[in-house]
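>
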Amino acid sequence: AQSVSQHNHHVILSEAASLELGCNYSYGGTVNLFWYVQYPGQHLQLLLKYFSGDPLVKGIKGFEAEFIKSKFSFNLRKPSVQWSDTAEYFCAVTPNTGKLIFGQGTTLQVKP
Amino acid sequence: DTGVSQDPRHKITKRGQNVTFRCDPISEHNRLYWYRQTLGQGPEFLTYFQNEAQLEKSRLLSDRFSAERPKGSFSTLEIQRTEQGDSAMYLCASSSSMGDEQYFGPGTRLTVT
Chain A
1 AQSVSQHNHH VILSEAASLE LGCNYSYGGT VNLFWYVQYP GQHLQLLLKY
51 FSGDPLVKGI KGFEAEFIKS KFSFNLRKPS VQWSDTAEYF CAVTPNTGKL
101 IFGQGTTLQV KP
Chain B
1 DTGVSQDPRH KITKRGQNVT FRCDPISEHN RLYWYRQTLG QGPEFLTYFQ
51 NEAQLEKSRL LSDRFSAERP KGSFSTLEIQ RTEQGDSAMY LCASSSSMGD
101 EQYFGPGTRL TVT
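Keeping their order, the protein sequence lines are chains A and B.
Per our numbering, the very first residue in the first sequence carries number 1; after that it's consecutive.
Per our numbering, the very first residue in the second sequence carries number 1; after that it's consecutive.
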């Protein structure tokens, strides 16, 4: 079965620390990859996406992610986090069927 | 506001009652999705429509659940004979084409007592 695994369930960082959230998926074919973010009290919104081309994609608010096909991974990074990055982050894939398959999410808490 | 809207935002119901939720997608989007999210988990796919056609249903969608999109615009999700295990956030999303970015609504939080 297709699945998405996020390695970190809860991450606590201080402001200015670097962030990397792991995401692995299980699907052998072509996939589109996404990171969504949910800020406290708000609904899910897209952070960045990968469809094809350069495997290093840049999103909003200084986030980026790297697609490594051989590792079935799509890790999210940010060089220097801010308190306002406190949120829940979801990795998701859509294996050309339309529906999104989400990981279980990572709660990021940034201490000021 | 041209985003995805959902109504109601919160619903408390007693076990055994029927509930219906509504989703209004972004107007030019022909794809509409329903997901369910429980605490500490990512959203789980329930079903999706392309225009008025329901193209896929998850095995999570028991026969107590039914979804419609009669005119290819808004959609409704009905749960009959609710159970406590149905308590969750029900999310609606829309997109303009397959594989494209999905825009999510604020969700309807269902509590079954």
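Glycine included, each C-beta is placed from N, C-alpha and C at the ideal position.
Measuring straight from C-alpha to C-alpha, what distance separates Leu108 (chain A) and Gly53 (chain A)?
Straight-line Cα distance between these residues: approximately 29 Å.
> For Gln45 (chain A), which three-state DSSP category applies?
For Gln45 (chain A), the secondary structure class from DSSP, reduced to helix, strand or coil, is strand.
> Would you decide whether Ser26 (chain A) is buried or exposed? Buried here means 16 or more other CB atoms lie within 10 Å of its CB.
exposed
> Residues of the region 51 to 66 of chain B with a CB closer than 9 Å to any CB of chain A: list them in chain order, please.
Leu55, Glu56 and Ser58
> So which of B:Phe45, B:Glu101, B:Ser5 and B:Asp63 has the shortest CA-CA distance to Asn18 (chain B)?
B:Asp63
> Any beta carbon from chain B within less than 9 Å of Val37 (chain A)'s own beta carbon?
It does not: the Cβ of Val37 (chain A) has no partner Cβ on chain B nearer than 9 Å.
> Cα separation between Ala16 (chain A) and Thr86 (chain A)?
Straight-line spacing of the CA atoms in Ala16 (chain A) and Thr86 (chain A) works out to 13 Å.
> Do the CB positions of Phe104 (chain B) and Lys99 (chain A) come within less than 9 Å of each other?
no
> Going by the CB atoms, is the gap between Gln84 (chain B) and Thr113 (chain B) shorter than 9 Å?
yes
> Can you give me the start and stop residues for the beta strand (DSSP E) that Asp54 (chain A) sits inside?
Where Asp54 (chain A) is concerned, there is no enclosing beta strand (DSSP E), because DSSP gives it neither an H nor an E.
> Is Arg69 (chain B) closer than 9 Å to Glu52 (chain B) when the C-beta atoms are compared?
yes
> For a cutoff of 9 Å on Cβ pairs, would you count Gln109 (chain A) as touching chain B?
no
> With C-beta atoms as the reference, is Lys58 (chain A) less than 9 Å away from Asn32 (chain A)?
no
> Please check if any C-beta of chain A sits within less than 9 Å of the C-beta of Gln41 (chain B).
Yes, its Cβ sits closer than 9 Å to a Cβ of chain A.
> Nearest-angstrom Cα distance between Ala88 (chain B) and Lys11 (chain B)?
10 Å
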